[in-house]
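See below for the structure under consideration.
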Amino acid sequence: MPKRLVTGCFLTVLLFSCLHQPCVRGCFPAVKATRNDLYRAEGGSISLFCDVVHCETKWSGGWGITHKDFTFLTPSARVHLTNATFLKNTTRLYLNIYNLNQSDSGAYKCNIKWERGDSQGHVTHLNVTSAQYMPEPEGRKLSYRLMVCAAAGLCFSLTLTLVCCFSCNRQSAPPVPPPRSQSNSRARVKPKADVVYAALTLDHLGQPSTSQTENTPVTTIYSTLNFSKT
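According to mature numbering (1 follows the signal peptide of the UniProt record, and there is no 0), the residues represented by the sequence shown are -26 to -1, 1 to 204, in order.
This is the structure we're talking about:
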């Protein structure tokens, strides 16, 4: 009997919790948006939105900008404010700004007022720059750096390969024969023969008279002498 009573109480509590599960989960008013930093050039446009979870309660407010103080935006030719029912308990607020100028820079957010208190969405910082200057996103900067590093590594490898090829070609070239010495060439040259003319006079054994000496013809002998250079 006590076991049946405990089991019955447990089933009753379980059934009660299942029937009241939607009430336990409930609906809590809030503003949902994304935090972001945007860069736009003059003359461009932006499109933002935030979700107001109102849980079918009264609310008011919308998009605004913060410079020194928060100010609600008003529709104009450049500023378009629209809303649409996203879910039964949720309304989506759209903000579109066209032909941006630098005065549009600031912090944009949704400010919603409830019956008790208020809520603000995440802030979106907008930076409007001149048309000549436009900062690049961080992802693009990183990709450029990776490309530069890859190109530098490729150039280094090609340069190293060319240096190795040139060094191998120099080592495999045939040796150049040494120049012939001048001493050997000079040694092989035949010496020139120098012709020397010598005049010899033969005297008689006796002492001839002066008259005989004058009448005797002088005999000339030609001889050749060879001189070698050492």
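In this text, a Cβ means the ideal position worked out from N, Cα and C, and glycines have one as well. What you are looking at is a predicted structure, and each value in this text was computed from that prediction instead of being measured.
- Among the bridge pairs identified by DSSP, W33 is matched with none.
- Spatial neighbours of N57 in its own chain (CB-CB distance under 6 Å, excluding positions within 5 residues in sequence) are listed in chain order as T65, L67.
- By the CB criterion at 9 Å, T103 and A4 fall outside the cutoff.
- Sequence-distant Cβ neighbours of T135 in its own chain, meaning closer than 8 Å and more than five residues away, do not exist here.
- Where C84 is concerned, the enclosing beta strand (DSSP E) starts and stops at 80 to 87.
- Under the DSSP assignment, Q76 falls outside any beta strand (DSSP E); it carries neither an H nor an E label.
- Nearest in C-alpha terms to N75, of all of V53, E30, N85, S117, is V53.
- Taking one beta carbon from each stretch, the region 29 to 45 and the region 71 to 91 have 3 or more pairs nearer than 8 Å; the two touch.
- DSSP lists F44, A81 as the beta-bridge partner residues of T40.
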